[in-house]
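Engineer:
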Amino acid sequence: MNDDSYARMIAPLRGVFGEPASGKVRDTFRNPLSLTERFIISSNRVGTHNVAHLTEFPQKGEILNALPIFWAQKVFGEDVPTHLIAWGKRIYDHLPKVTVNIYHPRLHYFGVIARQQNVTPTEFILRRRKAGSLDRACRDGWKEFGGVDPYGYGNAHSNLPLMHRFDEPLFTPTRKSKDDEPRDHSAVRQESPFETDLLAKVFAYGEKYLAERGITLVDAKGEASGAMLVDEWLTGDCCRMAWTKDVREGQEPPWLDKEVVRQEAMRMWGTGPKIPLRFSDDTVKNAMTRYHEAFEAITGMPLSSFQREYMD
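So the sequence shown is numbered by the numbering used here: it starts at 3 and just counts up by one.
1) With a cut-off of 8 Å, do at least 3 Cβ pairs link the segment 80-100 to the segment 250-267?
2) Can you tell which of HIS166, CYS140 and LYS210 has the C-alpha that lies nearest to the C-alpha of VAL77?
3) First and last residue of the alpha helix (DSSP H) that includes GLU39?
4) Short of 6 Å in beta carbon distance, which residues of its chain neighbour ASN67, apart from the five on each side in sequence? Order them along the chain.
5) Following the continuous beta strand (DSSP E) through ASP169, name the residue where it begins and the one where it ends.
6) Quick one, which of ASN52, ARG138 and ASN33 has its alpha-carbon nearest LYS99's?
7) Pick helix, strand or coil for TRP73, following the three-state DSSP scheme.
8) Would you identify the three-state DSSP class for ALA299, choosing helix, strand or coil?
9) What would DSSP say about PHE112, mapped onto helix, strand or coil?
10) Could you tell me whether the segment 134-153 touches the segment 107-125, using the rule of 3 or more Cβ pairs below 8 Å?
11) Using the C-alpha atoms, what's the distance from ARG28 back to LEU236?
12) Where does CYS140 fall in DSSP's three states?
13) From the DSSP secondary-structure annotation, give me the bridge partner or partners of ARG212.
14) By DSSP's criteria, GLY148 is part of a beta bridge. Which residues make up the other side?
15) At what residues does the alpha helix (DSSP H) containing VAL190 begin and finish?
16) So within the segment 228-271, which uninterrupted beta strand (DSSP E) runs reach at least 3 residues, ignoring any that extend past its ends?
17) Would you mind stating whether MET290 and LEU279 have Cβ atoms separated by less than 8 Å?
18) Would a C-beta distance cut-off of 8 Å place THR101 and VAL190 closer than the cut-off?
19) Thinking C-alpha only, which one of LYS26, PHE41, LEU162 and GLN309 is nearest VAL18?
20) Using C-beta distances below 8 Å, list every residue in its chain close to MET230, excluding the 5 sequence neighbours before and after it, in chain order.
21) With C-beta atoms as the reference, is CYS240 less than 8 Å away from GLY228?
22) Check for me: the beta strand (DSSP E) holding LEU97 runs from which residue to which?
23) Rank ARG185, GLY154 and LEU219 by C-alpha distance to the C-alpha of PRO171 and give the top, closest one.
24) LYS132 and HIS110 - do their beta-carbons sit closer together than 8 Å?
25) Between ASN52 and LYS178, how many whole angstroms is the CB-CB distance? I'm expecting something under 8 Å.
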């Protein structure tokens, strides 16, 4: 499904649901049948560094929609409450019945019915290894933050090498905003104890499960409403993952997630402004190869088989 066909898929929904709230990746519609439900559709868009880019990545939305369902149903069970209400073809039981069919035949591969929640305005990030923005900030001497670690660890990690393994996952929360400002980890623990504990539990589940499949969970970001998990979890958009055999301190591994797109975006921007980008076909193919590789390793089956078994 390309840019145009995704647009055609959701265009008819506006007549019944109204305009969606559109983020970098997801389109969220109010459900006219229930004030407590939202219809969330994962698009093929990609965002990095809080910029929504112009190129779409085929099947990315389907993978982002399917993975949280797998984690919730096959790994978490009842131990981790999530906002999910219905997925697959069961979403149509929650949506308005219409005389003219406005629902694309593949819509249920992209959308879920979720509980309406007041989301805590914090992104809860846990890091098993030093990578990504943390590593770059340390190498830069925290210049953007006046030379001081804004997470409240007193620069204890500044001289550690890339991909250093922390004995305990390092908690580096940020404010949920257009700039993702770092927050002091102790303050967030005090303000949001339920959410902090929940995301630590999710990280532990993900790390253990992935390790059994030969994958290292390098870091993970999540959101919560009280003790309920919301948005997305343990996908290639909100985590860094790599094959364990490729993980070595001091070296960048081949990634199984969006990091390949982040790094290409930084290369294309250079020192210029962070504007929306169009990526090459090679970048799209490379990224989606990683997403599918990770999906099959996590679920034990290709995307099409998962959809037939769990969503049709």
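We put the CB at the ideal spot given by N, CA and C, even for glycine.
Structural biologist: Result, derived from the coordinates:
1) no
2) LYS210
3) Not the alpha helix (DSSP H): GLU39 falls in the beta strand (DSSP E), residues 39-44.
4) SER44 and PHE112
5) 167-173
6) ASN33
7) helix
8) helix
9) helix
10) no
11) 16 Å
12) helix
13) The sequence given here places Leu at residue 212; Arg does not occur at that position. Answer is none; LEU212 lacks a bridge partner.
14) According to DSSP, which records beta bridges pairwise, GLY148 is partnered with nothing at all.
15) 187-193
16) 230-232 and 241-245
17) no
18) no
19) PHE41
20) PRO83, THR84, HIS85, ARG117, GLN119 and LEU200
21) no
22) Premise fails: LEU97 is in no beta strand (DSSP E) and is neither H nor E.
23) LEU219
24) no
25) No, ASN52 and LYS178 are not in contact; Cβ-Cβ is about 11 Å, not under 8 Å.
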